[in-house]
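Using the working numbering, you'd call the opening residue of the sequence shown number 1492 and step up by one each time. Beta carbons are placed, not taken as given, at the ideal position from N, Cα and C, and that holds for glycine. All of these numbers come straight from a predicted model, not from anything done at the bench. Following: one structure in structure tokens, then a few remarks.
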Amino acid sequence: MKRIFTIALLFLFVYAYPQTTPGKHSIKNLNVNTETAEFSVALYGDDQLVFAAPSDKVTIIRNIWRENRQPYLDIYRGQIDSTGQITGKTPVQGDVNRKYHEAVVTFTKDLKTVYYSANNYGDDNKPLRSSKGFDNIQLYKASINDAGEWVDVVKLPFNSDEFQTGQPALNQDDTKLYFVSDRPGGYGKTDIWEVVINKDGTYGEPMNLGPVINTEEREMFPFLADDNILYFSSDGHPGYGNLDIFASKLFDHTISKPLNLEPPVNSPKDDFAYLIEDTKHKGFFSSNREEGKGDDDIYSFKEDEELFIECLQTINGVVRDKDSLTLLPGTIVELYDDQGNQVMITAADEDDASFSFDVPCNTQYKLIANREGYLRFSEPVKTANDLDLPAIENNIDMSTEFKWVGDDLLVNINTIYFDFDKYNIRPDAATELDKVIEVMQKYPELKIHATSYTDSRGSTRYNKRLSEKRAKSSVEYIISKGIDPGRLTSEGLGESDPVNGCVDGVECTEEQYQENRRTNFKVVADIQVKREE
């Protein structure tokens, strides 16, 4: 397995179907290709590029790689002519192109620094091996002098003799370096990682890009375009066979789901090392497809239809008991669109009661949760029109159907409030009364006694009459929804039994007065509900 990975980190001789995605290409196999391997283009200015190919050094004893019986890889430069072909192929000069492999390059924007992959060399220019005997690919950095030579070569500090680190790619402002590694902490055979490049030239700790990008298989050959779209190859995401090229947009807090670039870019063989010039809508990729000239060939492409990255956001949270905050695993959680159509359904995770939905941006939904013994949870949620946001955290706190208050068993709803000197049903009150209706529909034997109260303002007689009207209006609302009138009674108790100290002669805030303008729903039929200790 390690041997195969070493091959793959440099180039590919290796061998599933995707979702349809936008973005169309016309492609062309280039004249620079031979029966051996040419691959992995990096642009150097407007009309030059570099790529990897077997060494053409003339030596007494030619170095041949035993894995494919071809010379070891070197890095070459060339020019792009008016027809898009690569001409003037010459090896890069300087302290590179040593005895073994060098390949896969990325340049800083000022073209004065280059990062590249190569075999693991010691200070004496001899290969270094891991404790298990593997010669692991490493990342190197070099300066480019005025003569175009690569000099002052150094290894990056987060390399290790014990694992592979290669295939570099820089972001737009050269502050992050993306690379491929099989280091510990990954998700699969090879993962894509990122590391921050500090202003003083030091490096942060490498961070894995996470499971949206990385799978249990191979993710390789990252390239970050100017619009912050990450192109990479994978044989773990659904594709056309072996390595396919995918695109995901990187945001500050999230990554869009990978999109397969489809044929003709992707094929049943390995397709990799995608590079695009954003403003020109053209670029290069590499492939070992059947109709090629050799092992790996370089193809140019023109993007005839621009790639579209769908804006998706995640709605997630956990389901809990509202009062105790106890987790409620297995709760059924549903998502409905603004037309009332069910969009998604899931069960809260059995371990941590979590749920998660990936849905389009800038869309209105309703989050619904149902669980035996609990009132139905319903809450609107709207995704933003920007993927550059963290996931929408929307915990679901569910209320039990009933609660004990002293010796009284009440339907467990939020307090129903009334406006001052009014008895009409407010919209927020209707939402709570709908919960009473839900419980009465579920338990046909259930009978309810509604009790309403007022605040202390007004005479005792007036408040008694007002509270009776409030109790009656609550009952009438429930009856209007189809509940048998014989199952409901009501009573108004005026300003008696306040829930706070707002009694006659005490000045209170409007919020405190409102706390006393309420209606409770007491269970008066024989229903078995366990009293919590």
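With 16 other CB atoms within 10 Å as the buried threshold, where does residue 1961 fall? buried
In the DSSP assignment, find the alpha helix (DSSP H) that holds residue 2061 and state where it starts and stops. This structure leaves residue 2061 out entirely; the chain is present only between 1492 and 2024.
Three-pair Cβ contact test at 8 Å for the segment 1815-1830 versus the segment 1881-1898: yes
Contact set for residue 1450: own chain, Cβ-Cβ below 6 Å, skip 5 residues either direction: Here the chain comprises residues numbered 1492 to 2024, so residue 1450 is not present and cannot be evaluated.
Check the C-beta distance from residue 1738 over to residue 1806 and give it rounded, since I have them as a contact under 8 Å. With 8 Å as the limit, residue 1738 and residue 1806 do not qualify as a contact, their Cβ atoms being about 24 Å apart.
Counting pairs of beta carbons, one from the segment 1612-1627 and one from the segment 1642-1660, are three or more of them closer than 8 Å? yes
I need the straight-line Cα distance from residue 1569 to residue 1579, nearest angstrom please. 5 Å
Residue(s) in a DSSP beta bridge with residue 1823: 1838 and 1861
Residue range of the alpha helix (DSSP H) that includes residue 1870: From DSSP, residue 1870 is part of no alpha helix (DSSP H) but of the beta strand (DSSP E) over 1868-1873.
Nearest-angstrom Cα distance between residue 1612 and residue 1657? 14 Å
Report, in whole angstroms, the separation of the C-beta atoms of residue 1803 and residue 1851, which I expect to be a contact under 8 Å. 6 Å
Quick one: residues in its chain with C-beta nearer than 6 Å to the C-beta of residue 1636, no 5 flanking neighbours on either side, listed in chain order? 1642
Could you compute how far the alpha carbon of residue 1823 sits from the alpha carbon of residue 1861? 5 Å
N- and C-terminal bounds of the beta strand (DSSP E) containing residue 2013: 2009-2014
From what residue to what residue does the beta strand (DSSP E) around residue 1807 run? 1803-1812
What is the rounded straight-line gap between the Cα of residue 1976 and the Cα of residue 1943? 18 Å
Provide the residue span of the alpha helix (DSSP H) that contains residue 1959, from first to last. 1951-1971
How close, in whole Å, do the beta carbons of residue 1915 and residue 1964 come, if the pair is a contact with beta carbons under 8 Å? 7 Å
Curious, which full-length beta strand (DSSP E) runs of at least 3 residues does the segment 1698-1735 contain? 1710-1715 and 1720-1725
Would you identify the three-state DSSP class for residue 1977, choosing helix, strand or coil? helix
Just checking, does the segment 1745-1757 make contact with the segment 1514-1523 on the three C-beta pairs under 8 Å criterion? yes
Please go through the same chain and pick out, in chain order, the residues whose beta-carbon is closer than 7 Å to the beta-carbon of residue 1599, but skip the five residues on each side of it. 1661 and 1665
Assigned exposure category for residue 1549 - 16 Cβ within 10 Å defines buried: Residue placement at residue 1549 cannot be trusted, given a pLDDT of 48 that sits under 50; the coordinates are not used to answer.
Reduced DSSP secondary structure (H/G/I, E/B, other) of residue 1920: helix
What does DSSP give as the partner residue(s) for residue 1657 in the beta ladder? 1671
Local conformation of residue 1436 per DSSP, three classes: For the chain, the structure presents residues 1492 to 2024; residue 1436 sits outside this window and is missing.
Mark residue 1723 as exposed unless 16 or more other C-beta atoms lie within 10 angstroms of its C-beta, in which case mark it buried. buried
Among 1790, 1588 and 1539, whose alpha-carbon lies nearest the alpha-carbon of residue 1762? 1790
Helix, strand or coil, according to DSSP, for residue 1570 in the structure here? strand
I'd like to confirm something about residue 1566: is its beta-carbon nearer than 6 Å to some heavy atom of the ligand ADP, or not? This structure does not include the ligand ADP; it has no bound ligands of any sort.
Between the alpha carbons of residue 1828 and residue 1874, how many angstroms are there, rounded? 12 Å
If you draw a straight line from the alpha carbon of residue 2008 to that of residue 1935, how long is it in whole angstroms? 29 Å
Range of the contiguous beta strand (DSSP E) that encloses residue 1520: 1515-1520
Contact the segment 1837-1850 vs the segment 1910-1924: 3+ CB pairs below 8 Å: no
Compute the distance between the beta-carbons of residue 1561 and residue 1545, then report whether it is under 7 Å. yes
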